[in-house]
Amino acid sequence: MSGYNFTEIENYWQKYWAENKTFKAENTGDKEKYYVLDMFPYPSGAGLHVGHPLGYIASDIISRYKRLKGFNVLHPMGYDAYGLPAEQYAIQTGQHPAITTERNIARYREQLDRIGFSFDWDREIRTNSPEYYKWTQWVFIKLFNSYYSGQARPISELEDIFSKHGTNGLQAAQSKELTFTAEQWNTYSEQKKQEVLMNYRLAYISETAVNWCSPLGTVLANDEVVNGFSVRGGHPVERKLMKQWSLRITAYAERLLNGLDTLDWSESIKEVQRNWIGKSIGATIYFQFATPAIPANSANSATSATSANSANSANSTNPTNPTNPTNPANPANPATTADNVPLSLEIFTTRADTIFGVTFMVLSPEHPLVLKISTQDELPKVIEYISWAKNRTERERQQEVNKVTGVFTGTYVIHPFTGKKIPVYISDYVLMGYGSGAIMAVPAHDSRDYRFAKKFSLPIVEVVAGGNIEEEAYEAKDGTLVNSDFLNGLKVKDAIKKATEFIENKKIGFARTNYRLRDAIFSRQRYWGEPFPIYYKDGIPYALKENELPLQLPEIDKYLPTEKGEPPLARATDWTYSGYPLETSTMPGFAGSSAYYLRYMDSQNSEALVGKKANEYWREVDLYVGGSEHATGHLIYSRFWNKFLYDIGLVVSDEPFKKMINQGMIQGRSSFAYRLNHQSYKEYLQTADSTPLQLATSPRAAASTSPRAAASTFPRAADSTSPRAADPTSPQSTSTSIPIAPIFVSKNIPNREKFTDPVHVDIHLVENDVLDTDAFKKWQSDLAEAQFITESDGRYICGYEIEKMSKSMYNVQNPDEIIDRYGADTLRMYEMFLGPIEQSKPWDTKGIEGVFRFLKKYWRLVSGDEDIAIPFDESEPTAQELKIIHNLIRKIEEDINRISFNTAVSSFMIAVNELSEIGCRKKSIHEKFAILLSPFAPHIAEEVWRMLGHNETVTYAEFPKYEEKYTIESTFDYPVSFNGKMRFTISLPLENTVKEIESAVLADERSTKWLDGKTPGKIIIVPKRIINIVI
RNA sequence: GCGGACGUGUUGUAAUUGGUAGCCAAGCCAGACUUAGGAUCUGGUGCCGCGAGGCGUGAGGGUUCGAGUCCCUCCGUCCGCACCA
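Residues in the first sequence are numbered consecutively from 1, following the working numbering.
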């Protein structure tokens, strides 16, 4: 027999590629460039599982295909090496994270090498190496030393402007609105000047409400928090005011939004980013306070921030919107009383048209004006409400969205058009973080305002006809304005425009664009990350000089916060710069991954993040492959960094990733088990001899009765025994080493009440009856008498669900086992054969045999059916052989270009089946075949290429050219339908005219049968497609 | 609640533009071969029916000579966002 010795073949070629640096890419040359990038992995302790390579295989196929097509291909790989799991492991074991990381990387590399990827390893990067993070710090300094006005500019320019013009005419992204003159600026102290500049820097420090995760001891970015829990670890997260570094990504909101239109990304991921940026066009309107509780006083301090504005979050100013004056010489800009209470209330609305429907105002409970404007009578209730709202967790708020709460402040504002008094309420359905933290409530046309109005019996005035406001709010933007004075009769769209114009003319507000996007909080109170190149002098942060980088991560004794609660870096001895203390927080995970694609272009460059020449050659990533879960994190931060680097002239391309494909997840099948509880076990013991307790018929049956696995997943509170609402998001990633064990409940298990809650088990351990998981140990102590019942003894209970592969769920399928048994080529082709690349699918080894059989069959065909290889036939191929191979060429090229690898694999199978059938041994046919196959199964293709007499790698062979003349048929098998139902086929020459076809079909005796004596009506003939006869 | 994607044999899937539904595999059934292998080969396999034939792409309707594909309504699954004014 002919042995397909994949191990030998694969080892040989992997060694050959490494020794010959087959995939090394140069930064120059005549060839056209093509840059294919994978999202680099975090090297976790669990190693690679079969899900990781899915995208890598796809990108490798493209890379190898592009090389065959004559491109100079850059296909690098590296490691996102900073991260929480290594640090958590360090806390537990005292092991330095660098050591753990190093070890994990070595393991990853070994696994990656076994799959036969065509990476240029000379360009490898690791985000934790000083040579690399030097440039992460460098970009930070650049951001620190920049402000934004249409584009990023040096902060020194801003100092110059201030000294000449103050803030007069200034258009710049800022945290809060400041107003001062040049004279004032020039009298400011150094400290004061630095404070003011901080208001404009693109990397700035400020006291902000952050997501504080106490169990992790650090703050988290918005995209790292889901439903009030940390994405990593699933720990509760609270809002807390802290001094933190942030990046002013909001300055780029408009450009990040517009840039999406130029990208070849999936519509869904672009939509996610659009939502995340959340642009809304509307108007800011000021409502004068009516109540005499505020002493009338027009005194106005020109230098101070207006109180109403200081309530704004950073994104409420928008320098990129020309209609939005950032320093409005605007009479509406509210004057304040002597004690800084403004005379008017600033709100933001997208529905200026509904202004005549306003019947009350609502402030967020955290709004800084709340205590100042509340009347003495209402103050106690207001204070009580504020403290109640404050103690409500993020989670409660989100879960009880429909719970209507709020209190009256006792204060009124004046409607700018009707002059009526409008009461001011506070309620936590209004968020401080968006707009100005205050709204004008139009209950007739906003469902939240509607609910509130119903609860507090406030009037509801219809101003847009079209709905039934007795029943519910009419929110649709079509209809005609009524009860609205000068807006009556207008359509909503026109009314918004006209109302906004009126508001601007009356100087009570202005058109404004708001974004939901928040500035990115950039500090983490952790050890294992990039140190900030920042020191403090008199409490003011200053950046190190660029030539002083990298600022190396110091050694510390313990990877925990200090007793005083400072971040771990505070433990380092002499963590100072020229005697001044250095910043003790470190940068977040997305710092190192924000510009890594640039570093690959020129990874050895010690003078620059990326050299001019290298960047001009590679420009941007042509194809980016990775998971869609990074839509609101990495993918938006990277785009922001890139745009900044574009602004400062470092890079030539405005967008980093031209085209992207998002591979689906390969899920695991996790098994879980139940135990009989005390009572049931006693009963069981009594009946065990005769009647084994019948619980379900099979694990499959148990699972199939509860197909909604994800919905029954919930994180289990330590003291909770009752299932809570479905929360599919919490146990998302468990690569941290302090996971909370997710518990699964399948609702439809028979005799459910006899069992404990199910727990994930390692099915291999279950089979061997060795249960060593922590959860089981806990059971043993809690339920000493409980009996674990296995499937094998027929009294079993084991269920399974399909979920994300994760170590803690014992459902990880390791690629090494597959490679040992079938080889890397089979693994590669099987993963592609599983289905469309973007689709998530459970790992299932059943089908792998089919792919393995295909490769064995191919091997038999090329090696001859004997032990010794017989020579190839060098004679001219037959028409049939040419047809097979050219059809395959066309199909493979097409499928690669539309990234449809599952159908490509299927085409290879068809071709091998056909070639085997005719026993094709033609050299020229097999040469073409080997080249076609090489992107998919590179090892076997190389070996065959060698057997065909070539001494060089197949990597740079020429992709065969499709020639239509070999595939053209002379006849076509027409399907003949009667009234649309296909009845038979008829083979007719292609050159037949419609007329000839018609008479040929009608002459056929089968037609006579189906016509059944009736006369055909219309006859539809589409040449080369179908014939349809209508009776 | 809003937005998006999807729903095809026992299973993974295919059908690129409205033109033969189920390619290629898996599984199952029957058989061949044997050096008994982690083989290999042959045939069958959507459902109903002995057959002729009928029915079939989540359900119902529509457009069309013709619908898995387009339109409407509904049901279901998955993903994203979620009090964003």
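For glycine and all other residues, C-beta sits at the position ideal for the given N, C-alpha and C. Computed from a prediction, not measured in an experiment: that's the story for all the values here.
Rounded to whole angstroms, the separation of the alpha carbons of Gly78 and Leu551 is 22 Å. In the three-state reduction of the DSSP assignment, Ile1020 falls in the strand class, which pools E and B.
Spanning the alpha carbons of Glu475 and Leu1011 requires a straight line of approximately 59 Å. Sequence-distant Cβ neighbours of Gly259 in its own chain, meaning closer than 8 Å and more than five residues away, are Arg639, Lys643, Asp654 and Glu655. Assignment of Ser374 by DSSP, reduced to helix, strand and coil, places it in the coil class.
Exposed is the label assigned to Asn547, since fewer than 16 other Cβ atoms lie within 10 Å of its Cβ. By the neighbour-count criterion, in which a residue is buried when 16 or more other Cβ atoms sit within 10 angstroms of its Cβ, His49 is buried.
Rounded to whole angstroms, the gap between the alpha carbons of Glu224 and Phe854 is 44 Å.
A distance below 8 Å separates the beta carbons of Phe936 and Arg828. Judged by DSSP in its simplified three-state form, Val231 adopts coil rather than helix or strand. No Cβ-Cβ contact shorter than 8 Å links Val912 with Ala930. A Cβ-Cβ distance of about 5 Å is found for the pair Ile426 and Leu363, placing them in contact under the 8 Å criterion.
With a beta-carbon spacing of about 7 Å, Glu530 and Tyr82 fall inside the 8 Å limit used to define contacts.
With respect to the 8 Å criterion, Gly466 and Ala352 are not classified as neighbours on the basis of their beta carbons. The segment 578-628 is shown to contain whole alpha helix (DSSP H) runs of 4 or more residues at 589-593, 596-600 and 612-618, in chain order. Check the Cα spacing between Glu124 and each of Glu177, Ala25 and Trp212: the tightest is with Ala25.
Val954 sits in a helix when the DSSP states are folded into three classes. Restricting attention to Gln244, Asp519, Glu183 and Ser594, the CA atom closest to the CA of Thr127 is found in Ser594.
Of the residues assessed, Met982 falls on the exposed side of the cut-off, its CB having fewer than 16 other CB atoms within 10 angstroms. For the set Arg619, Ile892, His165 and Leu143, the Cα lying nearest the Cα of Ile155 is the one of Leu143. Under the DSSP assignment, Asp38 falls in the beta strand (DSSP E) whose first and last residues are Lys33 to Asp38. Boundaries of the alpha helix (DSSP H) around Met829: Ala824 to Phe833. Note that the segment 35-55 touches the segment 102-116; at least 3 beta-carbon pairs, one per stretch, sit closer than 8 Å. In this structure, DSSP gives Leu74 an extended state, which the three-state scheme calls strand.
Just so you know, the alpha carbons of Lys455 and Ser214 end up roughly 37 Å apart. Under a 10 Å Cβ-count criterion, His52 is classified as buried, with 16 or more other Cβ atoms of the shown protein chains found around its own Cβ. With three or more CB-CB distances shorter than 8 Å, the segment 26-34 counts as touching the segment 61-72. Comparing alpha-carbon positions, the option among Ala86, Asp538, Leu487 and Leu623 lying closest to Gln191 turns out to be Asp538. Taking the CA atoms as reference points, Glu501 sits about 40 Å from Lys658. Secondary-structure assignment with DSSP links Asp647 through no beta bridge to anything. In this structure, the straight-line span from the alpha carbon of Gly509 to that of Asp449 is close to 22 Å. Pro989 sits in a strand when the DSSP states are folded into three classes. Under the 10 Å beta carbon count, Asn211 is surrounded by 16 or more other beta carbons and is classified as buried. No Cβ-Cβ contact shorter than 8 Å links Val407 with Tyr429.
Assignment of Ile899 by DSSP, reduced to helix, strand and coil, places it in the coil class.
Lys24 sits in coil when the DSSP states are folded into three classes, being neither helix nor strand.
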